[in-house]
Amino acid sequence: MDILFLRDFRLELIIGLYEWERKAPQPVLIDLEIGLYDHKAGHTDDVADTIDYGKVAARIQEVTGSREIRLVETLGELIADIVRREFGAPWVRVAVRKLGILRGVKELGIIVERGSRL
13 MDILFLRDFR
23 LELIIGLYEW
33 ERKAPQPVLI
43 DLEIGLYDHK
53 AGHTDDVADT
63 IDYGKVAARI
73 QEVTGSREIR
83 LVETLGELIA
93 DIVRREFGAP
103 WVRVAVRKLG
113 ILRGVKELGI
123 IVERGSRL
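In our numbering, the protein residues as written are 13 to 130.
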């Protein structure tokens with residue numbers, strides 16, 4: 013399996029459980045790993061033979077920009093679902109990181125892994 017990845021993909025969205033978190037959009041960093049079983053693109057040099065990471069990033073921005081989300085778990089699940097359902101990835105790993113929310117904690121978040129990594 014090859015793994016296509018996006019690191020430190022920055023989103024700005026309303027996310028949080030508490031009212032003070034929901035007053036304005038806040039930065040969230042996403043690390044996304046997408047499993048690819050088909051190695052064809054490495055031989056053809058054709059984006060049509062792989063998952064287009066530009067389209068993945070644009071779709072995630074489109075979907076998350078129009079929502080208010082309470083939990084990092086929800087955001088991770090939403091992104092994993094988009095990548096698997098809309099782009100046909102057999103396996104995905106999504107790390108969602110909120111920055112500077114708790115005193116003394118640089119970042120907090122969740123890692124969601126879905127699908128089969130044969």
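All C-beta atoms, glycine included, are put in the ideal place defined by N, C-alpha and C.
Residues of the same chain with a CB within less than 6 Å of the CB of Leu25, apart from the 5 flanking positions on each side, are Pro37, Thr76 in chain order. When rounded, the separation of the alpha-carbon atoms in Gly116 and Glu31 is 20 Å.
Residue pairing by DSSP places Leu120 opposite Lys110 in a beta bridge.
By the Cβ test, the stretch 62 to 81 is in contact with the stretch 42 to 51, since at least three Cβ pairs between them sit closer than 8 Å.
Per DSSP, Glu31 lies in no beta strand (DSSP E) and is assigned neither H nor E. Note that the C-beta distance between Ala101 and Ile63 is below 8 Å.
Secondary structure of Ile63 (DSSP, three-state): coil. Here Val84 is buried, its C-beta having at least 16 other C-beta atoms within 10 Å. Arg105 sits in a strand when the DSSP states are folded into three classes. Fully enclosed beta strand (DSSP E) runs of no fewer than 3 residues are not present anywhere in the stretch 74 to 99.
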